[in-house]
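Reviewing the structure listed below.
In the numbering used here, the protein residues as written are 1454 to 1782.
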């Protein structure tokens, strides 16, 4: 079978390897697509020879272990399966779930959907109709925008420097969009809008509870976006950090964050069993039309085009939202 392996930074090749064998407790899945995740862009750009990537898989069951129940040959499945840029992978049944019949394979790549569902749960609105700000309108940003709409948020204000990204955000449920430099001052609680902080019992000169937003979600993964997100949180508000910050250290104005008495919430998920359950729940919500998040993967690549896909993800060429690699017919 074919498999993508890295030959160094930003370069890969397709090699032939044996189809893996399963034991009685696993299933063998023929991979149709593996989604491209931005969390792997930096590792791709700095890769060492022999590195392999890919964790967003969807495919068809090719073989079932003797002790496995609930799965049959021919079932479409997705879930948590690593090393997925190859034609076949071995999956643990408790980390796999069935794809609903009314969902296309590309809409059913469940791992990022589970991450979004976990992030959304951590940032549930206190009251239906509350406003929220989202910084970043890439694939994950669009996912959280559409999920926030389903969860009952009211005004969803989205900030992204790219015009196409802002247009995409409006299609997926944003009510208002801005480029960072266009933000009205009342949407920021920073040292300029706060004026002179007053810690006495007499309160503050500025209305620190109504400048900015009580709920802000960052899904861009850059230092500038994280700093802007922090400035948009009101006093005693909360900031959900969902962007994958893996390409270096981040410098933030923690003096400002501290002065605001704001919460910062890490919206990543590392409880594998929990996330496996979220894969199934996410597909159910999309299948039933509750979470309207389909038709987002708009760039498909062959295995030989894997590096091109990463360059496109870096440059956002052609209104790139999300890419996927076709791993088998």
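No residue lacks a Cβ here, since even glycine has one placed at the ideal position from N, Cα and C.
- Out of 1607, 1611, 1582, 1584, the CA that lies nearest to the CA of residue 1593 is found in 1611.
- The residue from 1543, 1587, 1729, 1508 with its alpha-carbon nearest to that of residue 1516 is 1543.
- Counting along the chain, the unbroken beta strand (DSSP E) around residue 1550 starts and ends at 1549 to 1551.
- The residue from 1557, 1684, 1725, 1674 with its alpha-carbon nearest to that of residue 1490 is 1674.
- Pairing residue 1527 with residue 1663, the inter-Cα distance amounts to about 55 Å.
- Around the beta carbon of residue 1456, a 10 Å sphere encloses 16 or more other beta carbons of the protein chains shown; the residue is thus reported as buried.
- The shortest C-alpha to C-alpha distance from residue 1524 to any of 1537, 1551, 1541 is the one to 1551.
- At a Cβ-Cβ threshold of 8 Å, residue 1646 and residue 1658 do not count as neighbours.
- With 16 or more neighbouring CB atoms inside 10 Å of its own CB, residue 1510 falls in the buried class.
- The three-state secondary structure of residue 1734, taken from DSSP, is helix.
- DSSP, reduced to helix, strand and coil, places residue 1601 within a helical segment of the structure shown.
- The beta carbon of residue 1547 sits closer than 7 Å to those of 1729, all from its chain and outside the five residues before and after it, given in chain order.
- The C-alpha of residue 1492 lies about 19 Å from the C-alpha of residue 1539.
- Residue 1763 and residue 1717 have their C-alpha atoms some 30 Å from each other.
- For residue 1564, the number of other beta carbons within 10 angstroms of its own is at least 16, and it is reported as buried.
- Each of 1619, 1759, 1617 was checked against the Cα of residue 1459, and the nearest Cα belongs to 1759.
- DSSP places residue 1500 in the coil class of the three-state scheme, outside both helix and strand.
- Bridge pairing for residue 1668: 1691 [DSSP].
- When C-alpha distances from residue 1668 are compared across 1677, 1678, 1687, the shortest belongs to 1687.
- Under the criterion of beta carbons closer than 8 Å, residue 1533 and residue 1739 do not qualify as touching, at roughly 17 Å.
- Between residue 1753 and residue 1772, the alpha-carbon positions lie close to 13 Å from each other.
- Around the beta carbon of residue 1586, 16 or more other beta carbons sit within 10 angstroms, so the residue counts as buried.
- Residue 1704 is classed as exposed because its beta carbon has fewer than 16 other beta carbons within 10 Å across all chains shown.
- Spatial neighbours of residue 1614 in its own chain (CB-CB distance under 7 Å, excluding positions within 5 residues in sequence) are listed in chain order as 1632, 1633.
- With contacts defined as CB atoms closer than 8 Å, residue 1693 and residue 1769 fail to qualify as a contacting pair.
- The beta-bridge partner set that DSSP reports for residue 1514 consists of 1482.
- Taken through DSSP and simplified to helix, strand or coil, residue 1474 comes out as coil.
- For residue 1573, the uninterrupted alpha helix (DSSP H) run begins and ends at 1563 to 1575, by DSSP.
- Per DSSP, the continuous alpha helix (DSSP H) segment holding residue 1682 begins and ends at 1676 to 1684.
- According to DSSP, residue 1585 shares a beta bridge with 1609.
- Taking the Cβ atoms as the reference, residue 1567 lies roughly 5 Å from residue 1732, within the contact range of under 8 Å.
- When the Cα atoms are used, residue 1702 and residue 1561 turn out to be separated by approximately 33 Å.
- Per DSSP, the unbroken alpha helix (DSSP H) holding residue 1619 starts and ends at 1616 to 1624.
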